[in-house]
């Protein structure tokens, strides 16, 4: 338990050079995806406003109405914030729908907050990136209140091969 | 005869006349790419001065969300902007960009978070981003799916490139299998594949572009709106389908539609470049046309199209050019010999329902 993303690929693809471990005092910014409410109702609403044969077709919601629908429960918000504050993390930004928290913290704090994580710096084509080389876990009390934590594994896509792909395939 | 795809070639093929340009006040469209690239305003101006003479157009972007990088402009960023503004002509256009992100941020996730924090957003968003489904956690994909639902209920249309590796291939020991891509495989977005002209130097009918991403999700079950269409395909081509072990017939099938993805002209760093190809070209082309349809709908006091798929599939391909010729890439092994799926009448997992015949699509979606 505790591993929110047990099936996430954590290996760095070819092309990224490992520079080394991140300094423990270096600041990171991580994104916490809080569990939302009424996801099934959201899905049903989407079906109704998108079906041309439905009386609700085109009756779209405002951001405020979406926020009212999916906003995480009080309990979820309280548990997650307490968990973060108990690790000294207080510099967080939320969004209109309150289902994401973006927090700044040092690498040292992040590795204690997310047991198992190990932050390293990688380089590709002049682009520098910090990611964890190992899966992370969260405290059992928090596990049911989070979908995932962003900023540890997934990488920006590589698109420069647009023209190479074609020329390569043309020659082949 | 022509030497590659330009706005005039696209507008000719998809029956866009000089009158098919935007005019509604509250209409807008956006491109988002996460390659740490940026577009250069001078490139867009040069592109439009070279290729935009035959239609009324804007030559600059209305808004850049995020920080533009320095140095050379990116090919993909240039391509996205230049072509959404060629079919979605004279329509306010935004660019979501992120070279200035923090090293520990995920660009695509950042864009998703932004959508949850901006009440005023363009109606159509075209996005060139995809990862192999098997490299992503289920928790992440499920949550991003919910974010797509949040955008759809707000009336936003999210168009994702289907990818440029055909059906893809995953080598699992003895057995290979096709490799679906996410977000292209999400049931809550519209996925755009790629085609080529039958004769690359003429405006002819279209065949599949062999790089066009397509297939069946291993994570998301087939949504109700496409069951009939996909089962129709599976029955029609049953005899020539790849081995069933290569794909999941109960998964969300994609793409939903397509457009030309081969041999584009793009201006980047002030240089006109030929031979640019990929579904990140076809996606803004379709996005621009949906923006034009939104324009006409807004002028009639109708709501924006929003999540298009349920309505698109109910049209059963009638207002699109059906692509029935060609296949796309698959695994290079003795069983499938480099071939994935093939096109067929009506919907297929290479080009979806086909490519937009604008006047017919406008008429169908203006009702």
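Protein chains in written order, with this note's numbering: chain R, 1 to 172; chain W, 1001 to 1367.
Just so you know, even glycine gets a beta-carbon here, dropped at the ideal spot from N, CA and C.
Compare the C-alpha of residue 50 of chain R against each of W/1307, W/1326 and W/1331 and name the closest.
W/1307
From this set, R/122, R/141, R/139 and R/140, which residue's C-alpha is nearest residue 132 of chain R's C-alpha?
R/122
If you measure beta-carbon to beta-carbon, which residues of the region 71-86 of chain R are closer than 7 angstroms to chain W?
Those would be none; no residue qualifies.
For residue 1150 of chain W, which residues in chain R fall below 8 angstroms Cβ to Cβ?
42, 66, 70 and 97
What number of angstroms, rounded off, separates the C-alpha of residue 58 of chain R from the C-alpha of residue 1091 of chain W?
Cα to Cα, the separation comes out at about 21 angstroms.
With a threshold of 9 angstroms between beta carbons, is residue 1041 of chain W in contact with chain R?
no
Out of W/1190, W/1007 and W/1181, state which residue places its alpha-carbon closest to the alpha-carbon of residue 1125 of chain W.
W/1190
Unbroken alpha helix (DSSP H) run spanning residue 1358 of chain W, endpoints
1358-1366
Since I believe residue 1264 of chain W is in contact with residue 1079 of chain W (beta carbons under 8 angstroms), could you give me their beta-carbon distance rounded to a whole number of angstroms?
7 angstroms
Give a yes or no on whether the minimum CB-CB distance between residue 106 of chain R and chain W is below 9 angstroms.
no
Where does residue 164 of chain R fall in DSSP's three states?
Reliability of the predicted coordinates at residue 164 of chain R is poor, the pLDDT of 44 falling under 50, and the value obtained from them is presented with this limitation in mind. In the three-state reduction of the DSSP assignment, residue 164 of chain R falls in the helix class, which pools H, G and I.
When you compare only the Cα positions, how much space is there between residue 1303 of chain W and residue 60 of chain R?
About 8 angstroms.
Short CB-CB distance (under 9 angstroms) between residue 1243 of chain W and chain R
no
List the whole-angstrom C-beta distance separating residue 1341 of chain W from residue 1333 of chain W, where the pair is believed to meet the contact cut-off of C-beta under 8 angstroms.
The pair is not a contact, with the Cβ atoms about 16 angstroms apart (cut-off 8 angstroms).
Using a Cβ-Cβ cutoff of less than 7 angstroms, which residues in the same chain neighbour residue 73 of chain R once the five nearest sequence positions on both sides are dropped?
37
In chain order, each beta strand (DSSP E) run of at least 3 residues that lies wholly inside the region 1229-1282 of chain W
Fully enclosed beta strand (DSSP E) runs of 3 or longer: 1251-1254, 1257-1260, 1264-1268 and 1271-1276.
Pull up the DSSP beta-bridge partners for residue 1194 of chain W, would you.
W/1259
Residues that residue 180 of chain R contacts on chain W, provided the C-beta gap is smaller than 9 angstroms:
Past the boundaries of the shown model lies residue 180 of chain R; chain R is included only from 1 to 172, so the question cannot be answered.
Do the region 1204-1218 of chain W and the region 1146-1159 of chain W meet, that is, are 3 or more Cβ pairs less than 8 angstroms apart?
no
Is it buried or exposed, residue 17 of chain R, if we count other Cβ atoms within 10 angstroms and call 16 or more buried?
exposed
Could you tell me the boundaries of the alpha helix (DSSP H) in which residue 12 of chain R lies?
No alpha helix (DSSP H) contains residue 12 of chain R, which DSSP labels as neither H nor E.
The region 1283-1291 of chain W in contact with the region 1248-1268 of chain W per 3-pair CB rule at 8 angstroms
yes
Under the three-state reduction of DSSP, which class applies to residue 1091 of chain W: helix, strand or coil?
Residue state for residue 1091 of chain W is assigned as coil, using DSSP reduced to three classes.
Proximity of residue 1137 of chain W and residue 145 of chain R at Cβ, strictly below 9 angstroms
Not closer than 9 angstroms, so no.
Kindly say whether residue 1057 of chain W, judged by its beta-carbon, lies nearer than 9 angstroms to any beta-carbon of chain R.
no
Could you check the C-alpha separation between residue 1068 of chain W and residue 1076 of chain W for me, to the nearest Å?
14 angstroms
Closest Cα partner of residue 136 of chain R within the set R/8, R/117, R/25 and R/7
R/117
Under 9 angstroms between the Cβ atoms of residue 1034 of chain W and residue 1148 of chain W?
Using a Cβ distance threshold of 9 angstroms, residue 1034 of chain W and residue 1148 of chain W do not count as a contacting pair.
Quick one: what's got a C-beta closer than 6 angstroms to residue 1280 of chain W's C-beta in the same chain, skipping five residues either side?
1076, 1128 and 1161
In whole angstroms, give me the CA-to-CA distance for residue 1238 of chain W and residue 1231 of chain W.
10 angstroms
Residue 60 of chain R, DSSP secondary structure in three states:
Coil, per DSSP.
Pull up the distance between the alpha-carbon of residue 1155 of chain W and that of residue 1005 of chain W, whole angstroms please.
31 angstroms
What are the residues that DSSP puts in a beta bridge with residue 122 of chain R?
R/18 and R/129
Closest Cα partner of residue 53 of chain R within the set W/1330, W/1345 and W/1315:
W/1315
Would residue 1047 of chain W and residue 1272 of chain W qualify as a contact pair, given that the criterion is a beta-carbon distance under 9 angstroms?
yes
Note down, in chain order, each residue of its chain lying with its Cβ closer than 6 angstroms to the Cβ of residue 1111 of chain W, except the 5 sequence neighbours on either side.
1032 and 1096
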